[in-house]
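Take the sequence shown: its position 43, counted from the start at 1, is 41 in my numbering, and no numbers get skipped.
For every residue, glycine included, the Cβ atom is placed at its ideal position computed from N, Cα and C.
Step one of this worksheet: look at the structure below.
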Amino acid sequence: MLERQIHFRERAVVTIVASLLLLLWGGKLLYWIGMLPEQWRAPLGTALSVAVTVGYAVLWKLYRAAQEQGALVQRLVTESPDCMLILSENGTILEANARSTEMLGYNPSELVNNHFRALVHPEQRRQLSTLLATLRSSGEGTSLRREFQLIHRNRRLLPVEILATLEQLGRKQYLLFSLRDVSDRIRQERKIRRVLHTLDRIVRTVPQAILIYDLGKNRFVYAGNARVLGWGPTEVVQWSFERFCTAVHPDDQETLERCREQSLSLGDGSSASCVYRLRQQDDRWHWYYSRITVFKRGEGGRIEQLLLVTDDITTLMEERTQREQLHQRMQLATRGAGIGVWELDLRTLVPVWDETMYLLHGIAPAVQGKQLLHQWRHRIHHAHMRDIVGTLRALIRRRQGQCVLTYDYCAPSGERKHFRAIATLSQMGTDGSSSLRIVGIVIDETQLRQQQQQQQKLRHLLEESQRMARMASWEIDPVSFHLTCTSELWNLLGLPPRDEPLPLHRYQPHIHPDDQEMWLSTILDAIKMHRPYSMRYRII
-1 MLERQIHFRE RAVVTIVASL LLLLWGGKLL YWIGMLPEQW RAPLGTALSV AVTVGYAVLW
59 KLYRAAQEQG ALVQRLVTES PDCMLILSEN GTILEANARS TEMLGYNPSE LVNNHFRALV
119 HPEQRRQLST LLATLRSSGE GTSLRREFQL IHRNRRLLPV EILATLEQLG RKQYLLFSLR
179 DVSDRIRQER KIRRVLHTLD RIVRTVPQAI LIYDLGKNRF VYAGNARVLG WGPTEVVQWS
239 FERFCTAVHP DDQETLERCR EQSLSLGDGS SASCVYRLRQ QDDRWHWYYS RITVFKRGEG
299 GRIEQLLLVT DDITTLMEER TQREQLHQRM QLATRGAGIG VWELDLRTLV PVWDETMYLL
359 HGIAPAVQGK QLLHQWRHRI HHAHMRDIVG TLRALIRRRQ GQCVLTYDYC APSGERKHFR
419 AIATLSQMGT DGSSSLRIVG IVIDETQLRQ QQQQQQKLRH LLEESQRMAR MASWEIDPVS
479 FHLTCTSELW NLLGLPPRDE PLPLHRYQPH IHPDDQEMWL STILDAIKMH RPYSMRYRII
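Structural data, given as structure tokens:
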């Protein structure tokens, strides 16, 4: 349609030229037949000659301009590798090249005289109107680049990039749309986004911070999972190594600097590591463990980038400190409480004792190895020794857990002692039973056993004397309010004896209902005021 308009202009120029020539020849004819006055012949001939010459020059220029515009349009339409559309100012398609068939599925004749909005996805037609209005308001020579979803002939959506230009062709302005299929680019961008999203998820899942330090730029160029460091990734990527060191604890800056210098001489596959404290954004100090390796080399093997993989080990360091403190306290406690620590290697059957073990068993510290085991075995009661061997064998078969052992021991001085041992089986390696060890403690319960026996005798004597005196005795714990009484009280109540303590509220129903309140208040007041009391009450 646009070519027809250009051809029409060419025909109009030819018609005007022919009219001027006809006018010139008409004037000459009048001159020849003598119908013009003599005084008008020379001026009229000169005027006609000048008019014809000027008009012919102007019309020839217009004719050449029309030819050039037609050639330009023809070249744009036929020679462009992209789909070219020529539109009117309101968006009506005037011309389309053959590439439109390959891209959109429409023949050029099917697109002519249709509005371009018919090809645009309905959700983007408002954007098209905005684009046309912007081009018209910007003026000639304006070029804008936009992406649209066009509707293919088979009804599928086709992503295209449109380069829209407003051009003056003759007295009218036209829109030149160059359409380029960007489906492949969008697919590649989607793949890249999916890959980056996957990498980001992986980095967020991994508990380490991954940093890349560029030696040439003297700053970090990548900070994955920077939240581990307590800083944002946008802040870390602006840091130089010197700025990073300012956030490190002053006592650890030299360690980190030495680790970096060591990494500059690393070979492929090697790494350097260090432990340091780093101040987070909230001014809290955390412990970190970093491994530094070569990430990129340049020409001649020169190191260009370093990779830092950093773990937050604050919890581990705190637990380590707590374990050390607990170990020190345990050492003090075991020495003060007379608790011996021993260890037995099941592969060699060589015991290892601490000083307290030698002191408790009355054996000289110079006795070591199998001789120590021999002396210890022969001084234990033979019945208890059989129980110890059977219990330890069961523990070894389970390969885990712990056991409690009790045994009587005859010291070299002739003193008989009673010990309680707690043993735990631990596996120090991965090579089976040869790495198994039994670690335990020994507690001297000789005095405790003697005190228990003496208390038992005294209790029997007291019960016997109370039984003979026909009296019942009891006591109340002022903290737990539990009642402990002799069997005589239960005999008075007509109930079977109880050895375990009884809560006070469970004993109260045995008191007469009229005396329960007085009985309970008297006991509570006596406990509160720490004074003795006496009262009379009835029991059921």
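Starting from the C-beta of residue i, find all residues in its chain whose C-beta is less than 7 Å away, skip the five residues before and the five after it, and write them out in chain order.
i, result
"Asp442", "Gly336, Leu358, Lys415 and Phe417"
"Ile210", "Phe218, Val219, Tyr220, Phe293, Gln303 and Leu305"
"Leu264", "Ala270, Thr291 and Val292"
"Gln251", "Cys243"
"Gln514", "Gln506"
"Gln279", "Gly228 and Trp229"
"Ile301", "Leu213, Leu262, Val292 and Arg295"
"Glu316", "none"
"Gln398", "Leu423"
"Leu130", "Gly89"
"Gly389", "Sequence check: residue 389 is Thr here, not Gly. Excluding sequence neighbours, Thr389 sits near Cys401 and Leu403."
"Arg496", "Trp488"
Less than 8 Å separating the beta-carbons of residue i and residue j?
i, j, result
"Gly367", "Met355", "no"
"Ser261", "Leu227", "no"
"Tyr274", "Ile311", "no"
"Leu393", "Ala421", "yes"
"Trp340", "Gly438", "yes"
"Leu133", "Ala162", "yes"
"Leu109", "Ile91", "yes"
"Leu502", "Ile474", "yes"
"Arg447", "Cys408", "no"
How far does the beta strand (DSSP E) with residue i in it extend, from its first residue to its last?
i, result
"Gly438", "Leu434 to Asp442"
"Thr422", "Arg414 to Gln425"
"Gly222", "Arg217 to Gly222"
"Asp310", "Ile301 to Asp310"
"Trp374", "Note, Trp374: premise wrong, no beta strand (DSSP E); alpha helix (DSSP H) at Gly367 to His376."
"Trp351", "Val348 to Trp351"
"Gln147", "Ser141 to Ile149"
"Ala270", "Ser269 to Arg277"
"Thr404", "Gln400 to Cys408"
"Leu83", "Cys81 to Leu85"
Could you give the first and the last residue of the continuous alpha helix (DSSP H) run that contains residue i?
i, result
"Trp283", "Trp283 -> not in any alpha helix (DSSP H); beta strand (DSSP E) instead, spanning Trp283 to Arg295."
"Met527", "Gln514 to Met527"
"Gln171", "Not the alpha helix (DSSP H): Gln171 falls in the beta strand (DSSP E), residues Lys170 to Asp179."
"Trp488", "Ser485 to Leu491"
"Thr244", "Phe239 to Thr244"
"Asp266", "Element bounds for Asp266: n/a, residue is neither H nor E."
So, under 8 Å CB-CB, residue i and residue j are touching, yes? Tell me the CB distance rounded to an integer number of Å.
i, j, result
"Pro539", "His480", "Examination of residue 539 is not possible in this model, given that the chain is present from -1 through 538 alone."
"Leu344", "Arg435", "7 Å"
"Cys81", "Leu177", "4 Å"
"Phe114", "Leu102", "With 8 Å as the limit, Phe114 and Leu102 do not qualify as a contact, their Cβ atoms being about 11 Å apart."
Just how far apart, CA to CA, sit residue i and residue j?
i, j, result
"Thr128", "Ser135", "11 Å"
"Asp523", "Thr482", "19 Å"
"Gln449", "His458", "14 Å"
"Val246", "Asn223", "19 Å"
"Glu621", "Val193", "Residue 621 falls outside the range modelled here, since the chain spans only -1 to 538, and no answer is possible."
"Arg154", "Gly137", "34 Å"
"Glu165", "Asn88", "14 Å"
"Phe175", "Thr51", "40 Å"
"Thr428", "Asp385", "Here the model assigns Thr428 a pLDDT of 44, short of 50, so the residue's position is not dependable, and the following value carries that caveat. Going from the Cα of Thr428 to the Cα of Asp385 covers about 29 Å."
"Arg282", "Leu276", "8 Å"
"Met516", "Leu456", "33 Å"
"Pro476", "Arg225", "55 Å"
"Asp253", "Ser424", "The sequence as given places Thr at residue 253; Asp does not occur at that position. Spanning the two alpha carbons is a distance of roughly 36 Å."
"Asn214", "Ser238", "Residue identity differs from the one stated: residue 214 is Gly in this sequence, not Asn. Between Gly214 and Ser238, the C-alpha separation is close to 11 Å."
"His379", "Thr319", "42 Å"
"Tyr405", "Val440", "10 Å"
"Asp309", "Ala207", "7 Å"
"Leu490", "Gln451", "28 Å"
"Phe146", "Pro157", "6 Å"
"Glu1", "Lys189", "In this prediction, Glu1 has a pLDDT of 48, which is less than 50 and means its spatial position is unreliable; nothing more can be read from the coordinates."
"Arg395", "Leu347", "16 Å"
"Glu100", "Arg123", "23 Å"
"Glu259", "Met328", "42 Å"
"Cys272", "Thr313", "17 Å"
"Asn152", "Arg199", "38 Å"
"Pro248", "Glu297", "36 Å"
For residue i, which residues from the same chain have a beta carbon less than 6 Å from its beta carbon, with the 5 sequence-adjacent residues on both sides left out?
i, result
"Glu461", "Thr484"
"Asn141", "For the sequence presented, residue 141 should be read as Ser rather than Asn. Taken in chain order, the residues that qualify are Thr163."
"Val402", "Ile420"
"His119", "Gln147"
"Pro592", "The question about residue 592 has no answer here: the residues shown for the chain are numbered -1 through 538."
Please check if any C-beta of chain D sits within less than 8 Å of the C-beta of residue i.
i, result
"Ser478", "The structure shown contains no chain D; it holds only a single protein chain."
Excluding the five sequence neighbours on either side, which residues of its own chain have a C-beta within less than 8 Å of the C-beta of residue i, listed in chain order?
i, result
"Ser471", "Leu460, Gln464, Cys483, Thr484, Glu486 and Leu487"
"Gly620", "Within the shown structure, residues of the chain are numbered from -1 to 538, placing residue 620 beyond reach of any answer."
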